[in-house]
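Number of protein chains: 2
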Amino acid sequence: MLAFSLAQLDFIIGDLAGNVTRMVAAARKAAADGAQIIVFTELALTGYPPGDLLGEPDFLARVDAALMKLCDASRVTPSLYWIVGTPTRRRPGKALENSLLVLKNGQLVLQCAKRVLSACGMFDERRYFVPGPDGAACLEIGGTRVGFLIGGDAWDDDGKDGSLNPLGQLATEKPDLVIVINASPSHINMRRERHACITAASRRHGFPMVYANQTGGHDQLVFDGASFVATPEGIVFEAARFEEAVTTLRLQDGTFLGVDGGALPPVPSAGLPLMEFFRRQIVLGLSDYTRRCGFSKVVVGSSGGLDSALVLALAVEALGPENVIAITLPSRFSSLGSVSDSVSLCKNLGIKLFEHPIRDLVATCEQGFNAAFGEPLKKLALENLQARVRGTVLMEYANQFGALLLATGNKSEISVGFCTLYGDTNGSLGPIGDLYKTQVIQLSRHINEAAGRELIPEAIINKPPSAELAPGQKDTDSLPPYPVLDIILKTLIEGECLCTEEQDEVRAAWAKLAETKEGTALIARVRKMIWKSEFKRRQAAPALYLRPRPLGSERRFPIAAKYEHLSSAIPAFYGGDE
Amino acid sequence: MLAFSLAQLDFIIGDLAGNVTRMVAAARKAAADGAQIIVFTELALTGYPPGDLLGEPDFLARVDAALMKLCDASRVTPSLYWIVGTPTRRRPGKALENSLLVLKNGQLVLQCAKRVLSACGMFDERRYFVPGPDGAACLEIGGTRVGFLIGGDAWDDDGKDGSLNPLGQLATEKPDLVIVINASPSHINMRRERHACITAASRRHGFPMVYANQTGGHDQLVFDGASFVATPEGIVFEAARFEEAVTTLRLQDGTFLGVDGGALPPVPSAGLPLMEFFRRQIVLGLSDYTRRCGFSKVVVGSSGGLDSALVLALAVEALGPENVIAITLPSRFSSLGSVSDSVSLCKNLGIKLFEHPIRDLVATCEQGFNAAFGEPLKKLALENLQARVRGTVLMEYANQFGALLLATGNKSEISVGFCTLYGDTNGSLGPIGDLYKTQVIQLSRHINEAAGRELIPEAIINKPPSAELAPGQKDTDSLPPYPVLDIILKTLIEGECLCTEEQDEVRAAWAKLAETKEGTALIARVRKMIWKSEFKRRQAAPALYLRPRPLGSERRFPIAAKYEHLSSAIPAFYGGDE
Numbered sequence: 061m062l063a064f065s066l067a068q069l070d071f072i073i074g075d076l077a078g079n080v081t082r083m084v085a086a087a088r089k090a091a092a093d094g095a096q097i098i099v100f101t102e103l104a105l106t107g108y109p110p111g112d113l114l115g116e117p118d119f120l121a122r123v124d125a126a127l128m129k130l131c132d133a134s135r136v137t138p139s140l141y142w143i144v145g146t147p148t149r150r151r152p153g154k155a156l157e158n159s160l161l162v163l164k165n166g167q168l169v170l171q172c173a174k175r176v177l178s179a180c181g182m183f184d185e186r187r188y189f190v191p192g193p194d195g196a197a198c199l200e201i202g203g204t205r206v207g208f209l210i211g212g213d214a215w216d217d218d219g220k221d222g223s224l225n226p227l228g229q230l231a232t233e234k235p236d237l238v239i240v241i242n243a244s245p246s247h248i249n250m251r252r253e254r255h256a257c258i259t260a261a262s263r264r265h266g267f268p269m270v271y272a273n274q275t276g277g278h279d280q281l282v283f284d285g286a287s288f289v290a291t292p293e294g295i296v297f298e299a300a301r302f303e304e305a306v307t308t309l310r311l312q313d314g315t316f317l318g319v320d321g322g323a324l325p326p327v328p329s330a331g332l333p334l335m336e337f338f339r340r341q342i343v344l345g346l347s348d349y350t351r352r353c354g355f356s357k358v359v360v361g362s363s364g365g366l367d368s369a370l371v372l373a374l375a376v377e378a379l380g381p382e383n384v385i386a387i388t389l390p391s392r393f394s395s396l397g398s399v400s401d402s403v404s405l406c407k408n409l410g411i412k413l414f415e416h417p418i419r420d421l422v423a424t425c426e427q428g429f430n431a432a433f434g435e436p437l438k439k440l441a442l443e444n445l446q447a448r449v450r451g452t453v454l455m456e457y458a459n460q461f462g463a464l465l466l467a468t469g470n471k472s473e474i475s476v477g478f479c480t481l482y483g484d485t486n487g488s489l490g491p492i493g494d495l496y497k498t499q500v501i502q503l504s505r506h507i508n509e510a511a512g513r514e515l516i517p518e519a520i521i522n523k524p525p526s527a528e529l530a531p532g533q534k535d536t537d538s539l540p541p542y543p544v545l546d547i548i549l550k551t552l553i554e555g556e557c558l559c560t561e562e563q564d565e566v567r568a569a570w571a572k573l574a575e576t577k578e579g580t581a582l583i584a585r586v587r588k589m590i591w592k593s594e595f596k597r598r599q600a601a602p603a604l605y606l607r608p609r610p611l612g613s614e615r616r617f618p619i620a621a622k623y624e625h626l627s628s629a630i631p632a633f634y635g636g637d638e
Numbered sequence: 061m062l063a064f065s066l067a068q069l070d071f072i073i074g075d076l077a078g079n080v081t082r083m084v085a086a087a088r089k090a091a092a093d094g095a096q097i098i099v100f101t102e103l104a105l106t107g108y109p110p111g112d113l114l115g116e117p118d119f120l121a122r123v124d125a126a127l128m129k130l131c132d133a134s135r136v137t138p139s140l141y142w143i144v145g146t147p148t149r150r151r152p153g154k155a156l157e158n159s160l161l162v163l164k165n166g167q168l169v170l171q172c173a174k175r176v177l178s179a180c181g182m183f184d185e186r187r188y189f190v191p192g193p194d195g196a197a198c199l200e201i202g203g204t205r206v207g208f209l210i211g212g213d214a215w216d217d218d219g220k221d222g223s224l225n226p227l228g229q230l231a232t233e234k235p236d237l238v239i240v241i242n243a244s245p246s247h248i249n250m251r252r253e254r255h256a257c258i259t260a261a262s263r264r265h266g267f268p269m270v271y272a273n274q275t276g277g278h279d280q281l282v283f284d285g286a287s288f289v290a291t292p293e294g295i296v297f298e299a300a301r302f303e304e305a306v307t308t309l310r311l312q313d314g315t316f317l318g319v320d321g322g323a324l325p326p327v328p329s330a331g332l333p334l335m336e337f338f339r340r341q342i343v344l345g346l347s348d349y350t351r352r353c354g355f356s357k358v359v360v361g362s363s364g365g366l367d368s369a370l371v372l373a374l375a376v377e378a379l380g381p382e383n384v385i386a387i388t389l390p391s392r393f394s395s396l397g398s399v400s401d402s403v404s405l406c407k408n409l410g411i412k413l414f415e416h417p418i419r420d421l422v423a424t425c426e427q428g429f430n431a432a433f434g435e436p437l438k439k440l441a442l443e444n445l446q447a448r449v450r451g452t453v454l455m456e457y458a459n460q461f462g463a464l465l466l467a468t469g470n471k472s473e474i475s476v477g478f479c480t481l482y483g484d485t486n487g488s489l490g491p492i493g494d495l496y497k498t499q500v501i502q503l504s505r506h507i508n509e510a511a512g513r514e515l516i517p518e519a520i521i522n523k524p525p526s527a528e529l530a531p532g533q534k535d536t537d538s539l540p541p542y543p544v545l546d547i548i549l550k551t552l553i554e555g556e557c558l559c560t561e562e563q564d565e566v567r568a569a570w571a572k573l574a575e576t577k578e579g580t581a582l583i584a585r586v587r588k589m590i591w592k593s594e595f596k597r598r599q600a601a602p603a604l605y606l607r608p609r610p611l612g613s614e615r616r617f618p619i620a621a622k623y624e625h626l627s628s629a630i631p632a633f634y635g636g637d638e
């Protein structure tokens, strides 16, 4: 019988002392549960991802000191094996490795390093680490042969990355159980991918695999925990999602049981419903980001539209109504509803609403420009002016109240550049910046349903989207209807990465669009809009990542390239090999 | 005798057809010169760095088509070998390689792929490419055995990256000459590093090496050309810097000669003087960025201070006085000189100056806030307000005139967050964002000297730096004097990467500072300021890179990490192994 604890914790980046404390507390609990092993996650000591902190001159010396402290602390649970992720160096001054250490009673028992370093999507581990040496890390613990792997080393088991095959190599050692430590950010496809990949590996090699993942929000990334155990028969255990958990399990005669020897509850094959997934990920990301930046309050401009209403509702859930400040900033083009709908919304949410009209301010600005230019402001310049005056006013509220400003842009707008730089793109964080507009509507309805009452007024959900920067303006004056736009954007930006829930609908609609001349012209136009607005995304508020292909620093397009040559044809998706 | 042409061209990212045309024109010239080989640069076909364009669904199909066209075009010079960099795939749908092709008279003669992919600093090639297979690429051309390498494959010749050693492998084939194609961005240390590294390699293996590099500005990167030939005795040829050149050389009885058989002029060991280097790199980067974004004009806020004066002078050199628009935006705290010095400056530069006072606008805003808050604006909020009103006004000028706004922040300010987000950080490009304040002064003096007259008025150069956001405010109210601040910043940000010209002075001054209690307290304070302002840099104008450790997307620090635990001690620099 082997008892082991999965410590799915929220390790703070750079907080070496705090992370040691977190581990010690979890180890005490594990020991009290009778565990022989406690599994922490990838780079648990530094927090993940530490980024260029790893290159700070004294950081590694501090990591070494913290590691000594941690090793010493392992004496408090003399018979417990601590599985810990940390950066290490083979020699001072030499390259770093992303390592897994096994500590026990003040001793380093085993050390191995990650070999398949992630360099795609959100990762740039090659920037910091060199691959670990060949070899398998195995240890006999209480009569069970336990193998160890780190992150991608457990995924890549058919030698994709050059000739590396760490999992295959480990399999030759015939372990009874393999423990994989991870720091795997959450997005809509991630749970399914993890389960499929690790179950397939378990089935191929015939041993069970324990997958430990951290939790918590780190800048744009949110880690969802959801640590699990895979056997050749499937997933037999899954820890809580989006929260910390230290769970002790037993492996007894080839079966996984609870700490008390009882059967484990079945794991549902479906994860959270998509909208509930978005809600929980955004709430956690928003809450952690705000606190970790040293703030408790946020400020949000309430336009009377749906994007800001949703951001306000999510912020209230993340931080409490007393910490959310709304400001309505009507201009001469604002509809009557823009203020009154904000009033109902803020009443429903129980938050304070400031009314700060910008009519006179914009008029004063405009007069100055008319005089300076000897002609009236161009249409676009006037529209941008209003957005920027709002952005400036909102930042003053943030500064005055010591609060963070949240940006309210959604992925549809930001993708096509339907936003004003230094205006509505202002903000420390964009909670819904990776959510398409059609999903903004769905999530708003979901939030009302979950609350069992109308948090976000139906009047806001149902009004035609408008930036209200010109008389009678509607988003559809410049853009196709959002259901059509979102089909195009999902295909162009995420293509083959779309999640199962969305794939069929998107592919069918895209195929229909691509059949007609108007459809292909529209696709080409949208494509050009995406390329031409790269410069805005470079300076926009960082968005919380929710999907496999977010905008922002994970999308690395040149600004000044010659895109026009490329936008005439529509790309072939969903057909053949390429 | 072997004659070869180095085609140091400005390949535009994404402009496949244009890049083919550029290559064909250069090949015609090379053939007319009697060359047997023409050497283009790394990823010449797509432009470098193509970034995520490589992942666009139809891009690679277009690359394949362009490559067919290029191969076909090579028939115009039937006896010329074309050495071309391009992304390739071994099979459709499979991973990409960063390849070198040898084309001749419509045939693919040789193909090899880069093995040491760059993943540090400004590079993320691991994101796009897999390493090429083992092996040496050699070809007998006109009785000369020519070997081929790509970028970092020629640098890493002692097996640093795992066990890869492409140069050593190639050496076993005993080539008479090795051609290396590159796309090597320029910074203050780069020329020296390239010369040292390639000369050492040439000396170790006893063969001459030809290093071809592209030129031109691509977003924040500037490529300086300066292609060269290294022999075991040293550098025997260097092409022009910061400009295109197609140069034909002869290798005759082991000696490199000009196209006419004459001796080559000696290559000076020193490069451009530091200030002249900055001037040329900024002017090229600024000019290329503006044109490639589809603009001809720029707008710059002229504060009467030195940063904006220098940006204006550089913009005039890059784009011509008719394309540069200055705006002075005096507030109630502006000194008298802020307008009058701007007037003299713009007169000297021959550019139009708008005067757009913001006094009343700020006062109107302030009244609104006082009423809303029931208390006066906090000091910082009022200072930020002025900066943001200026940022908004400047963007209106840019929008109205169809011009790009240039940001005027320097590296010292941006490093410590001494700037207002959505205010003076606004801009499409920051031409001096990688230049420390003390160097802003030096470069300004250099520009006057080079012009032989006072382009930037001495009154501006000599006035104490001030943001003029509060009565009588000086930068030294919040910051140490810039010479001290810059010593600290250079050490903390660039440490061991400092260029030779700066090293001794910086190290000596740092050591002196670190001796005293006040000095160490100051260092800790500055360090904290750097960490705490990461969020501003994430949304600031992209800066032109000039140094090995620029700010911006090449500095990947988390925003919400726990830095405070780390800032109490000063890091140990310049001593021992670490």
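Taken in sequence, the protein lines are chains V and U.
When we follow this note's numbering, the leftmost residue of the first sequence carries the number 61, and every step to the right adds one.
When we follow this note's numbering, the leftmost residue of the second sequence carries the number 61, and every step to the right adds one.
From the three backbone atoms N, C-alpha and C, an ideal C-beta is built for every residue, glycine too.
Computed from a predicted structure; not experimentally measured.
Using a Cβ cut-off of 8 angstroms (strictly closer), state whether residue i contacts chain U.
i, result
"V:Met455", "yes"
"V:Ile210", "no"
"V:Tyr141", "no"
"V:Asn459", "yes"
Are the beta-carbon atoms belonging to residue i and residue j less than 8 angstroms from one another?
i, j, result
"U:Leu573", "U:Ile553", "no"
"V:Asp75", "V:Gly107", "yes"
"U:Ala286", "U:Asp401", "no"
"V:Asp284", "U:Pro618", "no"
How long is the line joining the alpha carbons of residue i and residue j, rounded to whole angstroms?
i, j, result
"U:Pro326", "U:Val306", "19 angstroms"
"U:Ala603", "U:Glu594", "15 angstroms"
"V:Ala386", "V:Leu437", "30 angstroms"
"U:Arg263", "U:Met182", "28 angstroms"
"V:Ser538", "U:Asn522", "50 angstroms"
"V:Leu317", "U:Leu156", "46 angstroms"
"V:Arg686", "V:Asn273", "What is shown of chain V runs 61 to 638, which leaves residue 686 of chain V out entirely."
"V:Ala173", "V:Pro610", "29 angstroms"
"U:Leu567", "U:Thr480", "A small correction: the amino acid at residue 567 of chain U is Arg; Leu does not occupy that position in the sequence shown. About 31 angstroms."
What does DSSP give as the partner residue(s) for residue i in the beta ladder?
i, result
"V:Pro292", "In the DSSP output, where bridge partners are listed per residue, V:Pro292 has none listed."
"U:His278", "U:Leu281"
"U:Thr148", "U:Glu157"
Where does residue i land, buried or exposed, given buried means 16+ other C-beta within 10 angstroms?
i, result
"U:Thr560", "exposed"
"V:Gln446", "buried"
"V:Met61", "exposed"
Using 8 angstroms as the limit for Cβ to Cβ distance, is residue i near chain V?
i, result
"U:Glu638", "The predicted model places U:Glu638 with a pLDDT of 33, which falls under 50 and marks its position as unreliable; any figure quoted below should be read in that light. It does: the Cβ of U:Glu638 has a partner Cβ on chain V nearer than 8 angstroms."
"U:Cys180", "yes"
"U:Leu539", "no"
"U:Pro491", "no"
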